[in-house]
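There are 2 protein chains.
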Amino acid sequence: MKNYSIGKSRRIRSTPYTSRIEKQGVTSYTTYNHMLLPAAFGSIEDSYHHLKKYVQVWDVAAERQVEICGKDSARLIQLMTCRDLSKSKVGRCYYCPIIDDQAGIINDPVVLKLNEEKWWISVADSDVILFAKGLAIGNNFDVKIIEPNVDIMAVQGPKSFKLMEKVFGEKITKLKFFGFDYFEFKGTKHLIAQSGWSKQGGYEIYVENTKSGLELYDYLFEAGKEFNIKPGCPNLIERIESALLSYGNDMDNGDNPYECGFDKFINLDSNIIFLGKEKLKQIKSEGIKKKLMGVILEAKEISLSRSLDIKDEKSNKVGELRSACYSPHFEKVIGIAMLDMTFLRMSKSVKIDIKNSTYNGKVCDLPFI
Amino acid sequence: MKNYSIGKSRRIRSTPYTSRIEKQGVTSYTTYNHMLLPAAFGSIEDSYHHLKKYVQVWDVAAERQVEICGKDSARLIQLMTCRDLSKSKVGRCYYCPIIDDQAGIINDPVVLKLNEEKWWISVADSDVILFAKGLAIGNNFDVKIIEPNVDIMAVQGPKSFKLMEKVFGEKITKLKFFGFDYFEFKGTKHLIAQSGWSKQGGYEIYVENTKSGLELYDYLFEAGKEFNIKPGCPNLIERIESALLSYGNDMDNGDNPYECGFDKFINLDSNIIFLGKEKLKQIKSEGIKKKLMGVILEAKEISLSRSLDIKDEKSNKVGELRSACYSPHFEKVIGIAMLDMTFLRMSKSVKIDIKNSTYNGKVCDLPFI
Chain F
1 MKNYSIGKSR RIRSTPYTSR IEKQGVTSYT TYNHMLLPAA FGSIEDSYHH
51 LKKYVQVWDV AAERQVEICG KDSARLIQLM TCRDLSKSKV GRCYYCPIID
101 DQAGIINDPV VLKLNEEKWW ISVADSDVIL FAKGLAIGNN FDVKIIEPNV
151 DIMAVQGPKS FKLMEKVFGE KITKLKFFGF DYFEFKGTKH LIAQSGWSKQ
201 GGYEIYVENT KSGLELYDYL FEAGKEFNIK PGCPNLIERI ESALLSYGND
251 MDNGDNPYEC GFDKFINLDS NIIFLGKEKL KQIKSEGIKK KLMGVILEAK
301 EISLSRSLDI KDEKSNKVGE LRSACYSPHF EKVIGIAMLD MTFLRMSKSV
351 KIDIKNSTYN GKVCDLPFI
Chain X
1001 MKNYSIGKSR RIRSTPYTSR IEKQGVTSYT TYNHMLLPAA FGSIEDSYHH
1051 LKKYVQVWDV AAERQVEICG KDSARLIQLM TCRDLSKSKV GRCYYCPIID
1101 DQAGIINDPV VLKLNEEKWW ISVADSDVIL FAKGLAIGNN FDVKIIEPNV
1151 DIMAVQGPKS FKLMEKVFGE KITKLKFFGF DYFEFKGTKH LIAQSGWSKQ
1201 GGYEIYVENT KSGLELYDYL FEAGKEFNIK PGCPNLIERI ESALLSYGND
1251 MDNGDNPYEC GFDKFINLDS NIIFLGKEKL KQIKSEGIKK KLMGVILEAK
1301 EISLSRSLDI KDEKSNKVGE LRSACYSPHF EKVIGIAMLD MTFLRMSKSV
1351 KIDIKNSTYN GKVCDLPFI
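Protein sequence lines correspond, in order, to chains F and X.
With the working numbering applied, the first sequence corresponds to residues 1 to 369, in that order.
With the working numbering applied, the second sequence corresponds to residues 1001 to 1369, in that order.
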């Protein structure tokens, strides 16, 4: 695929780390929440192998926070998600599909409970802040909704644990997956969660104090030399192999959480009030018509910039491929596809046309690995 | 500024015209409403001169529509904007700042009244659909809100009038500025408005029938040969000279409509109900603290990817430059800046540091030309 340059402007916001990653060799950007998100530092496959073996620091400031404070904050948060948060704990992260009244997915953020009346929604790429404001105003909720100055840097990869212990001490090794706490770096406390958009393990540092955050960024690269540290970014290959879904790529407002396999994050039986609950009950009783699945194709190369039709053996369209990459692990092209349930009940064999050639493939469960 | 490539994916949606503009030489993209928006076809200055003299076709499908239908549609639309729409007419476009309950700007769309119970909001770069959904759900409004399949192509430049008359007949010459009507092309009717994001005159074709729209796209280039037609896109230089404000660049949720000079679109005296009305009354009585102004700098070159501090003659920060370009008309750098009112009352002289050099400049009213 030919390369096109990205036109920069204030509207596509830079992050505090942008000048650093540009010195460190970022080659490609995408945009995410009206902000620059690095997409490559040279070869994505090289970066994939490095991420699975060592440790990387990622500028993921584009994962913006929607801060909701106030007496009705818990009510508003619960209204937006089908996941039961009534027993949620301070210091924990919760993956929460946000849906509208028709049960269409609006975002799939991680929600952090900072205290009983203060929450952060760490959002994927859509303006959840506008949905929250609209709901709060319409319902006359007593809340304050802002986008705080929080610029996440992620430390990802198997060596991230040793590196973070070296920087923050043994205390950080006690942090459980999707737990968060505050850790000190040279006199400044940073909120750090054991989380991140890879399955290789690691942390996300929610930087509020930019000055200290930039010092920490530089310090991580110093301290990380012995672990072969490199700059990186969410990796297309790693995230597809691990089936970390991407809002806007794998799913959008036209899909509901059952179709995306989010069943364990849907709580229809409790008394909680959330949008789309009746619609979800109806969908559950009627059954879904399409489902997000993995596909493995007998192809060696793909570059996807929009959905590709997926066909059955008789060349009828049975779904669409939404994300795909060449997987070094499978030595084939793998992808995430939305497929018709009627087809899925009958067959697992698919065909896809890529650049004038037809490739055979098989449907499989997610995640691949 | 070094070039970085844009990482494409389904999340950054292509438009129906993408494959065409890539054959026609697009070199740079930005993203807008989660979609590709061309940012350059080679030299922006060459394109500027061409736009001011001839005619261009632009892929501005990224100007997405929020369609609001139903019994309460007018009520919802009015709730979102400080502009009085109570006397609005079917077949007209209205520039309407959308603000929240704190009078912070959320978007500055053009609103099209299709009929008494059907509206399109042609939005700038933020998810107005989520704000509208939140408000509608919270207020229990009887409306249906969708993003319809509408992919705008713009025909801009002084020769656009002759070209469109050639394609659609004399009837289209009767269309007034910001009026719209339906015009037939080979059996398909298209909604066409006399509008567009340049001050060189022209039309926006709201393509709902993609197949016919693509035929029309190709036909325009055939029919436009005699007018020296070229592909183009919103032009940074032309839009700054004309002071066509860009949401996210020149203003954002931290600014109110008085600060942006939208006074004529604020109707506090009528009985209409909209968000932020009380806040706007308060702002009006207290006076604004900052204002969007033009600046002309004694510099020959600039490439802005984030705000630049603007200083007074004693080097105190008095505001920020938010958009800027080299203007062939002024033979200087011009820009749009948010400046402190206390400073503006005393002085018109500013200083800006660009790449280690300090340049003097003058504040001026908008538009420049």
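Don't be surprised by glycine CBs; every beta carbon is placed ideally from N, CA and C.
*Which whole runs of the alpha helix (DSSP H) in the stretch 1057 to 1098 of chain X are 4 residues long or more, in chain order?*
1073 to 1080
*Using the rule of at least 16 other Cβ atoms within 10 Å of the residue's Cβ for burial, across every protein chain shown, is F:G42 buried or exposed?*
exposed
*asked:* Buried or exposed for X:I1273, going by 16 or more other Cβ atoms inside 10 Å?
replied: exposed
*the stretch 201 to 231 of chain F: which residues have C-beta closer than 9 Å to a C-beta of chain B, in chain order?*
Of the protein chains in this structure, namely F and X, none is chain B.
*Scan the stretch 170 to 192 of chain F for residues whose Cβ lies nearer than 7 Å to a Cβ of chain X and list them as they occur along the chain.*
none
*Kindly give me the distance between the Cβ atoms of F:I145 and F:A132, rounded to whole angstroms, as I take these residues to be in contact under 8 Å.*
5 Å
*Of all the options F:D127, F:I354, F:Y206, F:K311, which has the alpha carbon lying nearest to the alpha carbon of F:K348?*
F:K311
*asked:* Please confirm whether F:T31 has its beta-carbon closer than 9 Å to some beta-carbon of chain X.
replied: yes
*Could you check which residue in F:A62, F:M80, F:D59, F:W58 has the C-alpha nearest to that of F:E68?*
Reading off the sequence, residue 68 of chain F comes out as Ile, not Glu. Of F:A62, F:M80, F:D59, F:W58, the residue nearest in Cα terms is F:M80.
*Reduced DSSP category for F:G134 - H, G, I as helix; E, B as strand; rest coil*: helix
*Compute the Euclidean distance between the alpha carbons of X:G1319 and X:A1337, then round it to the nearest angstrom.*
7 Å
_Proximal chain F residues relative to X:T1027, where beta-carbon distance stays under 7 Å_ = Y4, S5
*Quickly, what does DSSP pair F:D340 with across the bridge? List them, please.*
F:K290
*Which residues DSSP lists as bridging X:V1167, in chain order*: Its beta-bridge partners do not exist; DSSP assigns none.
*Going along chain F in order, which residues have a C-beta closer than 7 Å to the C-beta of X:S1246?*
R11
*Answer yes or no: do X:L1037 and X:P1234 have a C-beta to C-beta separation smaller than 9 Å?*
yes
*Do X:L1191 and X:Y1206 have their C-beta atoms within less than 9 Å of each other?*
yes
*Going by alpha carbons, who is nearest to F:V21 out of X:Y1004, X:M1035, X:S1009?*
The residue asked about is misnamed: residue 21 of chain F is Ile in this sequence, not Val. It is X:Y1004 whose Cα lies nearest to the Cα of F:I21.
*Cβ of F:I106 less than 9 Å from any chain X Cβ?*
yes
*Locate the alpha helix (DSSP H) running through X:A1223, then write down its first and last residues.*
1210 to 1223
*asked:* Taking the alpha carbon of X:D1218 as the reference point, which residue from X:E1204, X:N1267, X:M1153 has its own alpha carbon closest?
replied: X:M1153
*Can you check DSSP and say which residues form a bridge with F:N417?*
One cannot answer for residue 417 of chain F here, as it falls past the ends of chain F, which runs 1 to 369.
*asked:* When you compare the stretch 1166 to 1176 of chain X with the stretch 1126 to 1141 of chain X, are there three or more beta-carbon pairs, one atom per stretch, that lie closer than 8 Å?
replied: no
*So which residues on chain X does F:I137 lean against when the C-beta distance must stay under 8 Å?*
D1100, D1101, G1134, L1135, G1138, L1275
*Pull up the distance between the alpha-carbon of F:S305 and that of X:R1010, whole angstroms please.*
5 Å
*asked:* I'd like to know whether the C-beta atoms of F:G91 and F:D142 end up nearer to each other than 9 Å.
replied: no
*To the nearest angstrom, report how far apart F:N360 and X:T1210 are at their CA atoms.*
30 Å
*Could you tell me which chain X residues have their CB closer than 8 Å to the CB of F:N249, listed as they occur along the chain?*
S1009, R1010, R1011
*Round the Cβ separation of F:G104 and F:N256 to the nearest angstrom and send it over; I've been treating them as touching at under 8 Å.*
6 Å
_Outcome for X:Q1282 when other beta-carbon atoms lying within 10 angstroms are tallied against a minimum of 16_ = exposed
*F:S327 - partner residues in DSSP beta bridges*: F:K332
*For F:A39, which residues in chain X fall below 7 Å Cβ to Cβ?*
G1007
_Contact set for F:K52: own chain, Cβ-Cβ below 8 Å, skip 5 residues either direction_ = G157, P158, Q200, E238
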